[in-house]
Structures are given as structure tokens and as C-alpha cells.
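Reviewing the structure listed below.
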Amino acid sequence: MAILKIARIGHPVLHQKAAPVDDPAHPEVRALVRDMIETLDDAGGIGLAAPQVHVPKRIVIFFVPGDRENSEGDAVEVDLTVLFNPEIEPVGGEKSLDWEACLSVPEMMGAVPRFAAIRYRWLSLDGETMERTAEGFHARAVQHECDHLDGILYPMRMDDLSLFGFAEEVNRNKDMLAALQPKPRPRPEADL
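Next up, the structure:
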């Protein structure tokens, strides 16, 4: 096992579409996953995509710590999960705005709109097709990591770059930054 070098924003590997994994059980793929897990643990993140470690393959690993909440405010914990060739579809059209950070965009944070709920499918380590519905932080984490497979970094999803900055400054000033966030507009009533 080895700790892999994490690509940082500006590296071309982060801006290309990753290739599908043909055989999740292949020894080289298994070794890569083990190295990704060790790298994630060393970096202190919650998710990592293969392109972030200079391997343009459709592989994501992530977990959700027990202190993260879903949209109802309930704590939701998801054990370390390995996704091969994941596909995402929104459940409903509702989006939420929340802060994100990324191992490939070190020391920075930004407020990113994401679908509040998703359904995702993937191949497991055993090659089985799996499906899960997620909401809240779980849905956000999966969308963030899967974006890496299509060459998208979270700043590219942001609507308002005034809500992007160094994590230390953002964390110190979140209350003031929250006041800058646009308020949702009430939906006009249907024509009478």
C-alpha cells in the first residue's frame, strides 16, 4: 500500500473525463483502491476520486461521518463505500447551497448549489450493480466526488464567487458571508 500524490487544481488530469472500469476485481484495480483508501485516510478527507490521484478511471471512494445531517436534521453515517462507474440522477429538482472543500483545491472553500436528493447506481468491488438514494450531506458528497470523473471541480459549479475563499477566512466569517447569500424568491402563484 502507498500514499498517492493528490493532483491540485491546474493539473490537466482533473479536467478530463475518466474512463470506465472494466473489471473491479482486477488485482491492479484492487491495489489502486487500497492506495486510495490509505491516501484518503492520510489526507483527512471524506472522499477521493481516482483522477485526484492521477488515474483517469471512474472510481470514487467516500464515507459520511456520523456527525453529518440529512435534510431532516437527522445524523446519517455511511461506511466507506467504493463506487465503480457511478451514475447519478436527481430525485426532484430541489437544490441546496452549502459549503464544500476539496483535497485538490487545498485550503479553499466555496458555497456550491447541489441537488438536495439523488439516486445513484454503481458497480461494487464484487462487480454487483448497486443502487442507493441519498439526501443532504450524503448526496452532496457523492455529487462532488462524481464530478471529478467528468473533469469538474466544485468552483466550476459555483454561482457566486463572492462565496469562495480561503477556508480559514470563510470559517471565521461564515455569519457575514451567509448574509451575502441570495434569499430564495417566493414562487409566483399560478395564473388565475
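Just so you know, we're using this note's numbering here: the sequence shown kicks off at 1467 and counts up by one. Even for Gly, the Cβ is constructed at its ideal location relative to N, Cα and C.
Taking C-alpha positions only, Ala1485 is separated from Pro1522 by approximately 6 Å.
In chain order, Lys1523, Ile1525 place their CB closer than 6 Å to the CB of Ala1516, counting only its own chain and leaving out the 5 sequence neighbours on each side. Arg1598 has its alpha-carbon roughly 14 Å from the corresponding atom of Leu1546. DSSP lists Ile1527 as the bridge partner or partners of Val1548.
Here the segment 1468 to 1481 makes contact with the segment 1502 to 1517; the two share three or more CB pairs at distances below 8 Å.
As a beta-bridge residue in DSSP terms, Glu1566 pairs with Gly1576.
DSSP links Val1571 through a beta bridge to Cys1568. Secondary structure of Arg1496 (DSSP, three-state): helix.
With fewer than 16 other CB atoms across the displayed protein chains lying within 10 angstroms of its CB, Arg1500 is exposed. Taking C-beta atoms as the reference points, Pro1556 and Ile1584 count as a pair closer than 7 Å. Ranking His1481, Gly1476, Arg1638 by CA distance to the CA of Asp1616 puts His1481 first. Excluding the 5 residues flanking it on each side, Asn1639 has no same chain C-beta neighbour closer than 8 Å.
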